[in-house]
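Peer 1: Going by my numbering, the final residue of the sequence shown carries number 431, and the count climbs one at a time with no gaps.
My questions all concern the structure below.
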Amino acid sequence: MMSTTTMAKASILAPSRQHFGSRVFDELGMERDPDNLYLQTIDAVLHAAEVLELPHHVQLILAQPKNEIMVHFPVLMDDGEYRLFKGYRVQHNNALGPYKGGLRYHPHVSLDDVKSLACLMTMKCSLVRIPYGGGKGGIKCDPRSLSTDELRRVTRRFVSAIAPQIGPDYDIPAPDVGTNAQVMAWFADTYMNITGGRDAHAVVTGKPVDFGGSLGREKATGQGVIDVLAELLPEVGLTIKGASASILGYGNVGSWAGKLWAERGGKVTAVYDHTGGVYNAQGLDTLALDEHVKKHGGVGGFEKEGRAQAISADEFYRVKVDVFIPAALEQMINTERANQLDCKVVAEAANAPTTPAGERILLERGVEILPAILCSAGGVTVSYFEWVQNKTHVTWDIERVDEELNRHMVLAARRTQLARHRFGVDMRTAAYIAALEQIGKVYALRGIFP
Ligand code: GLU
């Protein structure tokens, strides 16, 4: 087993996360903009590809998504006016199987961000060895400001706009930030009405359990984070039992990670979201906090229930903990936040939460970063189980889902550790290498058509 000192040394081998050294950037005429999420993602993937010596043509293929679909569609609002919405579906790669990835409803959804998230899905699915490629989509909107009827109409119009370009064997969306099982139910229903195909509801995963969803899908991403931590924390001399954690974001992923962390004997001492922050040195009551969030839309105000004190963003980031779990949006751990953090491990439950500059600081300080394509892969893994159940007309019990999820997460964690030892790189590069190795093998077997 690796000691903490060896781990810190391994991290220092590749402290800089921004290389932009690949000639792929020149060949494709891509800029080297260090602040663009897509270019940051591709840079990190290409760096890992070079360490792995992945054939150049595969690097070129992976540097751009296969398809970028952008649609505009009108929706009747409750006030009788029509509003035009912008939607995206980016299909990054399908060498390993159908495109797979969530749908995000958020005011800041943009093409470059969706492209980046689609590429991360390709890496994620390959790392956990499920037979999918990567995709991502979204609608630029604020779902909190829409009524239930408006949300349903927006979803149905979006499905009708992209229906010819998706399908249960071609591209399978799922929930992401701002969407949930209900949105997936509307999605599936609309698609079934449009196409009428057999098993057409398998076009999306993350559906309600009563309508083709899988047991355990809702908690899956949070549970995957905890499975990875249970496997890897002993490497830095920690166990979940008795360890402390702080969580950024208490939506689906953050709240499940928090509840399951506490269930295994860990303490969640601080949580922060868009409504405020709360702290309890003895550990927050994660179940009560979850109830509060469901009722009030965020953690803010939980201190009034007498079991926590309110803290500011700066105080939250400075809380000394063993594990920091970012479970909110991308790019939140920048230079300033990385300097404030006082933790041993960052477990990335959100997609791309750490900027390259923030990551450099954390690595230099010897903080272990467990990358997003590993930590956050639990959701898509159980999505795969849902799809398998839909296609074979069976239902799995929760024990089977939990056990299979754990097996996939533990193997992915070990695969990442192995790549780290073999190549002497940081965990993120190692996770990309472990993912790219599989993609490289499949391209070698399939060749390039014609
Ligand atoms: N949106 C989730 C993710 O980023 C889940 C995707 C899925 O289940 O397909 O991993």
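Every residue gets a Cβ at the ideal spot worked out from N, C-alpha and C, and that includes glycine.
Flag glycine 405 as yes if its beta-carbon sits less than 9 Å from any beta-carbon of chain B, otherwise no.
Peer 2: This model lacks chain B altogether, as it is built from one protein chain only.
Peer 1: Taking the Cβ atom as the reference point for each residue, do asparagine 75 and glycine 114 lie within a distance shorter than 9 Å?
Peer 2: Result yes, Cβ atoms of asparagine 75 and glycine 114 sit closer than 9 Å.
Peer 1: With DSSP as the reference, label glycine 148 as helix, strand or coil.
Peer 2: Here glycine 148 sits in strand by DSSP.
Peer 1: Could you give the first and the last residue of the continuous beta strand (DSSP E) run that contains leucine 351?
Peer 2: Per DSSP, leucine 351 belongs to the beta strand (DSSP E) from 349 to 351.
Peer 1: Pick out the complete alpha helix (DSSP H) segments inside the segment 6 to 36, 4 residues or longer, and give them in chain order.
Peer 2: Within the segment 6 to 36, the complete alpha helix (DSSP H) runs of at least 4 residues are 18 to 33.
Peer 1: Please return the same chain residues whose Cβ sits closer than 7 Å to the Cβ of proline 352, not counting the five positions on each side in sequence.
Peer 2: Hits under 7 Å: Glu329, Met408, Arg409, Ala412.
Peer 1: Please classify aspartate 24 as buried or exposed, where buried requires at least 16 neighbouring CB atoms within 10 angstroms.
Peer 2: When all chains shown are included, aspartate 24 counts as buried.
Peer 1: Which residue's Cα is closest to the Cα of threonine 227: Asp254, Val209, Ala201?
Peer 2: Per the sequence presented here, residue 227 reads as serine, with threonine not at that position. It is Asp254 whose Cα lies nearest to the Cα of serine 227.
Peer 1: Using the Cα positions of valine 326 and glutamate 244, report the straight-line distance between them to the nearest angstrom.
Peer 2: About 20 Å.
Peer 1: Nearest to glycine 68 by alpha carbon, out of Glu49, Gly61, Lys81?
Peer 2: The shortest C-alpha separation from glycine 68 is found at Glu49.
Peer 1: Indicate the three-state DSSP secondary structure (helix, strand or coil) for phenylalanine 1 in the structure shown.
Peer 2: DSSP places phenylalanine 1 in coil when its eight states are reduced to three.
Peer 1: Could I get the ranges of all uninterrupted beta strand (DSSP E) runs contained in the segment 181 to 242, with 3 residues as the minimum, in chain order?
Peer 2: With a minimum length of 3 residues, the continuous beta strand (DSSP E) runs that stay inside the segment 181 to 242 are 225 to 229.
Peer 1: Is any heavy atom of the ligand NAP found at a distance shorter than 8 Å from the C-beta of leucine 98?
Peer 2: Among the ligands in the structure shown, the ligand NAP does not appear; only the ligand GLU can be found there.
Peer 1: Would the C-beta of valine 90 count as close to the ligand GLU, meaning under 8 Å from any of its heavy atoms?
Peer 2: No - the ligand GLU has no heavy atom lying nearer than 8 Å to the Cβ of valine 90.
Peer 1: Looking at the ligand GLU, does it come within less than 8 Å of alanine 155, judged from the CB to the closest heavy atom?
Peer 2: Within the cutoff, so yes.
Peer 1: Within 10 Å of its beta-carbon, does threonine -13 have 16 or more other beta-carbons around it, so buried, or fewer, so exposed?
Peer 2: Unreliable placement is indicated for threonine -13, whose pLDDT of 39 sits below 50; no coordinate value is reported for it.
Peer 1: Which complete alpha helix (DSSP H) runs does the segment 341 to 408 hold, if anything under 4 residues is left out?
Peer 2: Taking only runs of at least 4 residues, the alpha helix (DSSP H) segments lying wholly in the segment 341 to 408 are 353 to 356, 359 to 373, 379 to 404.
Peer 1: Please determine, among Ala181, Val363, Asn387, the residue with the shortest C-alpha to C-alpha distance to glutamate 199.
Peer 2: It is Val363 whose Cα lies nearest to the Cα of glutamate 199.
Peer 1: State whether the segment 280 to 289 contacts the segment 255 to 265, with contact taken as three or more CB pairs (one from each stretch) at a distance under 8 Å.
Peer 2: The answer is yes - the segment 255 to 265 touches the segment 280 to 289, with three or more Cβ pairs under 8 Å.
Peer 1: What does the Cβ neighbour count give for proline 307, buried or exposed, with the cut at 16 atoms within 10 Å?
Peer 2: With 16 or more Cβ atoms within 10 Å of its Cβ, proline 307 is classed as buried.
Peer 1: Does the distance from the C-beta atom of lysine 275 to that of glycine 264 stay below 9 Å?
Peer 2: No, Cβ-Cβ distance for lysine 275 and glycine 264 is not below 9 Å.
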